[in-house]
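Enquirer:
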Amino acid sequence: MIELRGVSKRFGPTYDAAARVTRGIAARFGRPQKSETVHAVDNVSLTVARGEVVGLVGESGCGKSTLGRMVAGIMPPSSGEILFKGRNIATLPPDAAKDAKLKVQMIFQDPYASLNPRLRVADIVGEAPRIHGMIPPGQFDTYLDEQLRRAGLDPAFKRRYPHQFSGGQRQRIGIARALAVQPEFLVCDEAVAALDVSIQAQILNLFMDLRRDLNLTYLFISHDLGVVEHLSDRVLIMYLGRIVESGATEDIFGRANHPYTQALLAEVPRIDARKRHFTAIKGEIPSPIAPPSGCHFHPRCPHAMPRCSEEAPVSREIAPGHHSACHLNDRR
Amino acid sequence: MSATLEVRNLRTHFHTRAGVVKAVDDVSFSVDAGQVLGLVGESGSGKSVTGFSIIGLIDPPGRLAGGSIFYRGQDLAKISEREMRSLRGNRIAMIFQDPMMTLNPVLRIDTQMIETVQAHVNVSKAEARARARDALGMVGIPSPEERLNAYPHQFSGGMRQRVAIAIALLHNPDLLIADEPTTALDMTIQAQILAEVQKLTAEHGTALIWITHDLSVIAGLADRIAVMYAGRVVETGEAADVLDHPVHPYTHGLIGSVPSRNHRGERLRQIPGMTPSLLSLAPGCAFRSRCAHATDACAQEPPVTETSPGHTARCFHPVSS
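So the sequences go chain by chain: R and Y.
With the numbering used here applied, the first sequence has no gaps in its numbers, which climb one by one up to 332 at the end.
With the numbering used here applied, the second sequence has no gaps in its numbers, which climb one by one up to 321 at the end.
1. Using a Cβ-Cβ cutoff of less than 8 Å, which residues in the same chain neighbour M75/R once the five nearest sequence positions on both sides are dropped?
2. For the beta strand (DSSP E) containing I89/R, name the first residue and the last one.
3. Taking the alpha-carbon of A128/R as reference, which of P183/R, A191/R, R50/R has the nearest alpha-carbon?
4. Nearest CA to the CA of V187/R: which residue from D154/R, V268/R, L102/R?
5. What residues in its chain sit with their C-beta under 7 Å from that of A294/Y, if we drop five residues either side in the sequence?
6. Nearest-angstrom Cα distance between P152/Y and P99/Y?
7. Starting from the Cα of H296/R, find the closest Cα among P286/R, I175/R, N215/R, Q262/R and give me that residue.
8. Could you tell me which uninterrupted alpha helix (DSSP H) segments, each at least 4 residues in length, are contained entirely in the stretch 25 to 68 of chain Y, listed from first to last along the chain?
9. Output the distance between the C-alpha atoms of D154/R and G284/Y, rounded to the nearest integer angstrom.
10. Can you find the residues in the same chain that come closer than 8 Å, C-beta to C-beta, to G283/R, ignoring five residues on each side of it along the sequence?
11. Could you give the distance in angstroms between the alpha-carbon of P269/R and the alpha-carbon of A18/R?
12. So I203/R packs on L195/R, CB below 8 Å; how close in whole Å?
13. Suppose only complete runs of 4+ residues qualify. What are the alpha helix (DSSP H) ranges in the stretch 234 to 277 of chain Y, listed by chain order?
14. CB I92/Y to CB I55/Y, shorter than 8 Å?
15. Quick one: which chain Y residues come within Cβ less than 9 Å of H223/R?
16. Using a Cβ-Cβ cut-off of 8 Å, state whether S166/R counts as contacting chain Y.
17. With C-beta atoms as the reference, is P272/Y less than 8 Å away from C315/Y?
18. Would you mind listing the beta strand (DSSP E) stretches within the stretch 89 to 139 of chain Y that are 3+ residues and don't spill past its ends, in chain order?
19. Pull up the CB-CB distance for G241/R and A40/R, whole angstroms please, since I reckon it's below 8 Å.
20. Based on the DSSP secondary-structure assignment, which residues constitute the bridge partners of K22/Y?
21. Looking only at DSSP bridge pairs, what is H39/R linked to?
22. In terms of DSSP beta bridges, what is D179/Y paired with?
23. Using 8 Å as the limit for Cβ to Cβ distance, is E284/R near chain Y?
24. Any Cβ of chain R within less than 8 Å of the Cβ of E235/Y?
25. For the stretch 109 to 127 of chain Y against the stretch 194 to 207 of chain Y, are there 3 or more C-beta pairs whose distance is under 8 Å?
26. Using 8 Å as the threshold, is the stretch 153 to 173 of chain Y in touch with the stretch 82 to 91 of chain Y, meaning 3 or more CB pairs across them?
27. Would P105/Y count as contacting chain R if we go by Cβ distances under 8 Å?
28. What distance in whole Å lies between the Cβ atoms of A230/Y and S45/Y, which are believed to be in contact at a cut-off of 8 Å?
29. So, is Y218/R buried or exposed, given that buried needs 16 or more other C-beta atoms within 10 angstroms?
30. Please compile the residues from chain R whose C-beta is within a distance smaller than 8 Å of the C-beta of G38/Y.
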């Protein structure tokens, strides 16, 4: 359904005219300017099949949100192609591109920041379908009520403002807004991270119901391995802009191959663990401005060898549908 | 051995214009030396206010409305602010959720740490600095001597939280209150902090109150668990008892809400509705509007009953599992 081919996203400072002149002069006099580019997403390829739930896991700064935003069409990639149903969105004619983009919607982490506080719920949810002319006139109210009810909200509240709702209900408004344009693909960026445990369970159940009822496909971005394991068919593990391991959920959680994945899984707090001894993976997450050479994980990796700091490992298939990017696999 | 901390019938109320908010309402628990108590609850359950009450950081319109907080036999609810100051940061310390709010952004780390040392012991600046350096080293900050000269913004989130922990540990407190200190941190960093804290309670016999909404962190860390709902402790007991055989319907629902590997892809056992506003709390059990077992009896205040030794619940209809 969605395919990414070698997608990268780089963020760099933008220079005004004066800065460009001074940098040009400095460069002429032999003082090279240091690069300040952040490689947020570095040559990522992935496919998501129709009806699939793909979990994307990573720690802060690994580029998972940037990747999600590119998939959702909010941000153009710096290089690479994003294909929706086999067609490159960037080269489609405007009308077709708009239709394709409407089919991919996003749900955001912070239900407080992602809703316009000055709009009533009816406008937040109804604006997009109205502007895109998706609803025949006269049926608008019925359509709106149906959208709200599907997200678990009482349509009687549609004249209210976001501040009159709790966090969980706000997240439902965000979900109703995304579903109102009849998408086929949802990008959920930490959509339950800000919610309390009991509310989080309600929203996760809602996601599962919607998937069944509307045949939705999800890219579910989260740092919470428990949530991802619960929901996903397939899991991608990301570290500093690269996907280091991908595979079916059972493979990732049962037979993790990459040392980073193994370390993550060892540390995930589990409710069935009792008075365990916490051990910690050493070191900090490096800055994406100056990532370590070769394999980005090598400074923290217990199995690092000289080659790891020189050469970035390529992702190879270690079992059917299970990919990992680690030099250790070459020895086997 | 008597408990390091014993909280009895603690009430902390906030007198707002809209009415009295009973943020903490009749809370009792105790923590022994070297023990970890997990104080679990969702937002608004009063778990943080309980922590603030113990360390005496309740500001108006809030005030302690009743109960006692015995720290080594001394009632913290009755001592003067001057006496409290000599304990706070010295024998009793607290770590907060957001390390950026704990540290002063315009002062170097050494200034802040030396100040904390000298506030409680009469030592030279050089000696205070040495203690600060040792504390940083103990929480796993590389090259502590150089890092003392850094400002808070020069640290990452995890390192900042370590600095905050180092400050809390400067005087080897007997009681440490940790208010969701790892919520804002990444998984690998959270595990590092948990490892440090665990080492600390084992080596120094510090009594630890770990306040959190995350049952899975508590499962691996705590000896005892107290579950709070709407200002009350609804269930307490040994960690294994509470997690494996929860008796209060709320605890039951909370555990069912956590995705675990045994139930992949199944619907989670969710609790319907949402947490009630503490302003308009009707008498009786606060959970009854969301509870599947509720009956007319629940409109009365449920008594605290001991369902097994050391395992108590505040419920008329305890769930057997």
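Beta carbons: idealized from backbone N, C-alpha and C, even for Gly.
Expert: Once the coordinates are examined:
1. Counting only Cβ-Cβ distances below 8 Å, and skipping sequence neighbours, we find K9, T66, R69.
2. Looking at the DSSP string, I89/R is not in any beta strand (DSSP E), and its letter there is neither H nor E.
3. Cα-wise, what sits closest to A128/R is P183/R.
4. Cα-wise, what sits closest to V187/R is L102/R.
5. The answer, listed in chain order, is R288.
6. Roughly 9 Å separates the two Cα atoms.
7. Ranked by Cα distance from H296/R, the options P286/R, I175/R, N215/R, Q262/R are led by P286/R.
8. With a minimum length of 4 residues, the continuous alpha helix (DSSP H) runs that stay inside the stretch 25 to 68 of chain Y are 47 to 55.
9. When rounded, the separation of the alpha-carbon atoms in D154/R and G284/Y is 28 Å.
10. The residues are P299, R300.
11. Approximately 52 Å, taken between the alpha carbons.
12. With a Cβ gap of about 6 Å, I203/R and L195/R count as contacting.
13. The qualifying runs are 239 to 244, 249 to 257.
14. Yes; because the gap between Cβ atoms is below 8 Å, this pair is in contact.
15. Using a Cβ-Cβ cut-off of 9 Å, H223/R is close to D186, M187 of chain Y, given in chain order.
16. Interface flag for S166/R against chain Y is set, since a Cβ pair is found closer than 8 Å.
17. Inclusion of P272/Y and C315/Y in the CB contact set at 8 Å is not warranted, their separation being larger than that value.
18. For the stretch 89 to 139 of chain Y, the full-length beta strand (DSSP E) segments reaching 3 residues or more read 92 to 95 along the chain.
19. That belief holds up - the Cβ atoms of G241/R and A40/R are roughly 6 Å apart, short of 8 Å.
20. Answer by DSSP bridge pairing, in chain order: H13/Y.
21. According to DSSP, H39/R bridges with R10/R.
22. Looking at the DSSP output, D179/Y shares a beta bridge with I211/Y.
23. Yes, E284/R counts as interfacial toward chain Y.
24. False, the Cβ-Cβ gap to chain R never drops below 8 Å.
25. Under the three-pair Cβ rule at 8 Å, the stretch 109 to 127 of chain Y does not count as touching the stretch 194 to 207 of chain Y.
26. Of all C-beta pairs linking the stretch 153 to 173 of chain Y to the stretch 82 to 91 of chain Y, three or more are shorter than 8 Å, placing the two stretches in contact.
27. Not closer than 8 Å to any Cβ of chain R, the Cβ of P105/Y fails to qualify, so no.
28. Sure, about 6 Å apart at Cβ, within 8 Å.
29. Counting the other Cβ atoms within 10 Å of the Cβ of Y218/R gives 16 or more, which makes it buried.
30. Against chain R, the beta carbon of G38/Y has no neighbour under 8 Å; the closest one sits roughly 11 Å away.
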